[in-house]
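For the sequence shown, our numbering gives the first residue as 39, with consecutive numbering after it. Note that CB positions come from ideal geometry on N, CA and C, so glycine has one too. Notes follow the structure.
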Amino acid sequence: MKKIAVVGAGISGLSMANYLEKYKIDYHIYERRKKNDLSGHGFLIPKEGMDYLYQIIAPDLLVKNGNFLKKYTQYSRTGKILAEKDLDNVFAISRHSLINLLAQNISPEKITYEETIIADEQQKGKLQLSDGITVDADIAVISDGSRSRIRKHFFMDETMTRVRESEVVNIIQNKEISDSIEKDFIKFHHEDGGLTFGVLKLSDDTVLWYSQFDNQKYMINECSAENLRKYMLDVFENWHPLIPEIIQKSDYTNVHLWNVYELEKLNAFYKDNFVFIGDAAHPLIPFTSQGVTSALKDAFSLTKYLVEEDNIQQAFSKYEAERKPEIETHIHNGRTLLSQFLLPLNQQTENIIPISYK
Ligand SMILES: Cc1cc2nc3c(=O)[nH]c(=O)nc-3n(C[C@H](O)[C@H](O)[C@H](O)COP(=O)(O)OP(=O)(O)OC[C@H]3O[C@@H](n4cnc5c(N)ncnc54)[C@H](O)[C@@H]3O)c2cc1C
39 MKKIAVVGAG ISGLSMANYL EKYKIDYHIY ERRKKNDLSG HGFLIPKEGM
89 DYLYQIIAPD LLVKNGNFLK KYTQYSRTGK ILAEKDLDNV FAISRHSLIN
139 LLAQNISPEK ITYEETIIAD EQQKGKLQLS DGITVDADIA VISDGSRSRI
189 RKHFFMDETM TRVRESEVVN IIQNKEISDS IEKDFIKFHH EDGGLTFGVL
239 KLSDDTVLWY SQFDNQKYMI NECSAENLRK YMLDVFENWH PLIPEIIQKS
289 DYTNVHLWNV YELEKLNAFY KDNFVFIGDA AHPLIPFTSQ GVTSALKDAF
339 SLTKYLVEED NIQQAFSKYE AERKPEIETH IHNGRTLLSQ FLLPLNQQTE
389 NIIPISYK
């Protein structure tokens, strides 16, 4: 089997590494960040994604690190229940925890941190380390995220657009709030649309809260922790008292503002001996809650065809044929969820659950 270089140790790169381990395929993974630099948000993972995760992470260990959500309740801004829906084994986990779990099966000599990889300008089909040395690999699996520089190198005329929704996400330690919400996923909505506040429990004493907002209506110029705190206090001042209370009680060490981007049109998922997985192949907006599941399925499908096919191009082509239609469905569903979110509440008609199902 050929030698594989994986660029990026996010969810998709680490999932790929786990599947390659399973099949004893030779690989090395390169990651730009420091090993323990794992700030970030959390994931909702539907049942299908969990089935893929169980193949590579011991189920009891995985379950111990997150929380199964049982019910989704949609509230008005003032706390009136608008709709309720049972959730079928939707799991919540912080990005930090999931990355740590996925990384634990990778031996330290197979992963290099603090290494930013680029496509080699001089040698077609090769990657380059930051010191200019060419990476010794036959196949490059590119998993460097939604704003992939390597993808841009190959598909120079692609158009990325900023999505009309941003998110302030915070992860806090607070046992009292965590105990009070248990298995519920609650989300409050402004009657004019374009503004929500969601809360869910990640573990015994950890809570994730987030605000999704229409970035044409609500603007934050600078995203320091202090500014984000002020923004949250101003915007949610007159909402149900639980929300200002959570905002007041929160520590802002982990708060982050996420701006979201999408590709106007998907590119091919491969070019020469480079193949793209996860957000690098297909950025998915947070509304779909399908980024992790899709990254896992990409890694599974690509590994399967690399094992089955002698010819790399055949393997890549089968991978793309299997994955692209489903991704297009999620992109379509994501755009529908986004347009619903921007409408006043009384005009929102679609499925209330913030998850795209095939
Ligand atoms: C606010 C928000 C909420 C979300 N909520 C959910 C959710 O509830 N459920 C869900 O399934 N998905 C969710 N998503 C989407 C999910 O985060 C992504 O789909 C998923 O993280 C994609 O993983 P990835 O590995 O492809 O990319 P990334 O997680 O972006 O990882 C890319 C990695 O590549 C590294 N890298 C980048 N460039 C280089 C380089 N040149 N050399 C080496 N390394 C490099 C980066 O440091 C990073 O570690 C959400 C996204 C956002 C922004």
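Skipping 5 residues on each side, what residues in its chain have a beta carbon closer than 8 angstroms to that of phenylalanine 192? Result list for phenylalanine 192: Ala157, Asn305, Lys309, Phe312, in chain order.
With the cut-off set at 8 angstroms, would you say valine 46 and glutamate 69 are in Cβ contact? Inspection of the sequence shows that residue 46 is occupied by glycine rather than by valine. Inclusion of glycine 46 and glutamate 69 in the CB contact set at 8 angstroms is warranted, their separation being smaller than that value.
Round the Cβ separation of glutamate 203 and glutamine 250 to the nearest angstrom and send it over; I've been treating them as touching at under 8 angstroms. That belief holds up - the Cβ atoms of glutamate 203 and glutamine 250 are roughly 6 angstroms apart, short of 8 angstroms.
For valine 206, name the three-state secondary structure that DSSP assigns. In the structure shown, valine 206 adopts extended strand secondary structure according to DSSP, grouped into three states.
Which ranges does the beta strand (DSSP E) cover as unbroken runs of at least 3 residues, wholly within the stretch 73-124, from first to last along the chain? Runs found: 80-83, 105-114.
DSSP three-state call for tyrosine 248: helix, strand or coil? Taken through DSSP and simplified to helix, strand or coil, tyrosine 248 comes out as strand.
With distances taken Cα to Cα, identify the nearest neighbour of glutamine 328 among Ser216, Phe129, Asp169. Cα-wise, what sits closest to glutamine 328 is Phe129.
Measure the C-alpha to C-alpha separation of methionine 54 and histidine 278 and round it to an integer number of angstroms. Taking the straight line from one Cα to the other gives about 43 angstroms.
Same chain, Cβ closer than 8 angstroms to leucine 52, five either side skipped, listed in chain order: Counting only Cβ-Cβ distances below 8 angstroms, and skipping sequence neighbours, we find Ile67, Ile137, Leu140, Ala141, Ile144.
Which residue wins for smallest C-alpha separation from lysine 335, given the options Ile42, Ala319, Phe325, Glu347? The option with the nearest alpha carbon to lysine 335 is Ala319.
For glycine 231 and leucine 246, what's the separation of their Cα atoms in angstroms? Spanning the alpha carbons of glycine 231 and leucine 246 requires a straight line of approximately 22 angstroms.
Given the structure, does histidine 227 come close to ligand 1, in the sense that its CB is under 7 angstroms from one of the ligand's heavy atoms? The answer is no for histidine 227.
Unbroken alpha helix (DSSP H) run spanning glutamate 358, endpoints: Run containing glutamate 358: 350-380, per the alpha helix (DSSP H) assignment.
Using a Cβ-based criterion (distance less than 7 angstroms to any ligand heavy atom), does aspartate 182 qualify as near ligand 1? Checking every heavy atom of ligand 1 against the Cβ of aspartate 182, one is found closer than 7 angstroms.
Which of the three DSSP states, helix, strand or coil, is assigned to valine 330? Shown here, valine 330 sits in a helix according to DSSP, grouped into three states.
With 16 other CB atoms within 10 Å as the buried threshold, where does alanine 368 fall? The sequence given here has histidine at residue 368, not alanine. The residue in question, histidine 368, is buried, as its Cβ has 16 or more Cβ neighbours within 10 Å.
Got a sec, what are the start and stop residues for the alpha helix (DSSP H) isoleucine 49 sits in? Counting along the chain, the alpha helix (DSSP H) containing isoleucine 49 begins and ends at 49-60.
Please list, in chain order, all residues of the same chain as serine 181 whose beta carbon is under 7 angstroms from its beta carbon, the five residues on each side excluded. Contacts found: Val44, Val45, Gly46, Gly48, Ser50, Gly51, Met54, Ile315, Gly316, Ala318.
Going by CA-CA distance only, name the one from Lys118, Val201, Ile393, Asp169 that's closest to glutamine 254. Of Lys118, Val201, Ile393, Asp169, the smallest CA-CA separation from glutamine 254 is found for Val201.
Pairwise C-alpha distance: isoleucine 285 and tyrosine 65: Tyrosine 65 and isoleucine 285 have their C-alpha atoms roughly 44 angstroms apart.
DSSP has tyrosine 299 in a bridge; who is on the other side? In the DSSP assignment, tyrosine 299 forms a beta bridge with Arg200.
Is there contact here, the stretch 216-236 with the stretch 377-384, by at least three beta-carbon pairs under 8 angstroms? These segments touch.
Nearest to aspartate 174 (by Cα), restricted to the options Ser184, Gly183, Gly163: Taking each of Ser184, Gly183, Gly163 in turn and checking the Cα distance to aspartate 174, the smallest one comes out for Gly163.
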